[in-house]
Amino acid sequence: GHQWYWRGDFFNDLNEDISAQHLKFGSVIPTPLSQMHLYPITGAAASVGAEDTAWAYRNAKYSGVIVGVDPDPANAGKITQWCKDYWEGLHPHSSGGAYSNFMMNDEGQERVKASYRHNYARLQKIKSKYDAGNLFKVNQNIKPETATA
Numbered sequence: 011g012h013q014w015y016w017r018g019d020f021f022n023d024l025n026e027d028i029s030a031q032h033l034k035f036g037s038v039i040p041t042p043l044s045q046m047h048l049y050p051i052t053g054a055a056a057s058v059g060a061e062d063t064a065w066a067y068r069n070a071k072y073s074g075v076i077v078g079v080d081p082d083p084a085n086a087g088k089i090t091q092w093c094k095d096y097w098e099g100l101h102p103h104s105s106g107g108a109y110s111n112f113m114m115n116d117e118g119q120e121r122v123k124a125s126y127r128h129n130y131a132r133l134q135k136i137k138s139k140y141d142a143g144n145l146f147k148v149n150q151n152i153k154p155e156t157a158t159a
């Protein structure tokens, strides 16, 4: 199978600093399958209130994901480091959160919280009601209020 590592963020604009990071890291793509996707967020996504669903970034204009991919396990470290470095260059220019499926498990709980913004506390209460034992935790987990795992 392929080795994969990715990191993402939401962006409100594409300024010169962001473009400079894309040029910098796009010129040193570590493997032929590695890439960066930038998805515009338009239409119905912005017509729903930030508190009406779990997703709070209704004002974001773009969702970006940096993807390191290679079939050779020997390149796992190289693709991971490229993604992390690229993300570190872009993140200061981001909205602060990301689409949760564009996050890796090593990003930590604070990153999960940032991705739901002010909706996290409400989602945590729902999780406490319906999954207090935190059975569904193999993801970018919203922990129940009582969970330690």
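Numbering (this note's numbering), first residue to last: 11 to 159.
The C-beta atom is built at its ideal place from N, Cα and C for all residues, glycine as well.
According to DSSP, simplified to helix, strand and coil, what is residue i?
i: Pro-40; result: coil
i: Leu-33; result: helix
i: Trp-65; result: coil
i: Tyr-109; result: coil
i: Asp-141; result: coil
i: Gln-134; result: helix
i: Ile-152; result: coil
i: Ala-55; result: helix
i: Ala-86; result: helix
i: Gly-118; result: coil
Per DSSP, which one or two residues make a beta bridge with residue i?
i: Phe-20; result: Ser-73
i: Tyr-126; result: Paired residues: none, contrary to the question.
i: Gln-91; result: DSSP lists no partner for Gln-91.
i: Asp-80; result: Gln-13
For the beta strand (DSSP E) that residue i lies in, which residues bound it at each end?
i: Pro-50; result: 45 to 50
Inset, instruction - Flag this pair as touching only if the segment 61 to 78 and the segment 36 to 52 have three or more C-beta atom pairs under 8 Å; answer yes or no. - result: yes
Legend entry - the segment 121 to 129 in contact with the segment 141 to 154 per 3-pair CB rule at 8 Å: yes
Inset, instruction - Count the C-beta pairs between the segment 21 to 29 and the segment 99 to 119 that are closer than 8 Å, then say yes if the count reaches three, no if not. - result: yes
Legend entry - Contact the segment 31 to 40 vs the segment 82 to 93: 3+ CB pairs below 8 Å: yes
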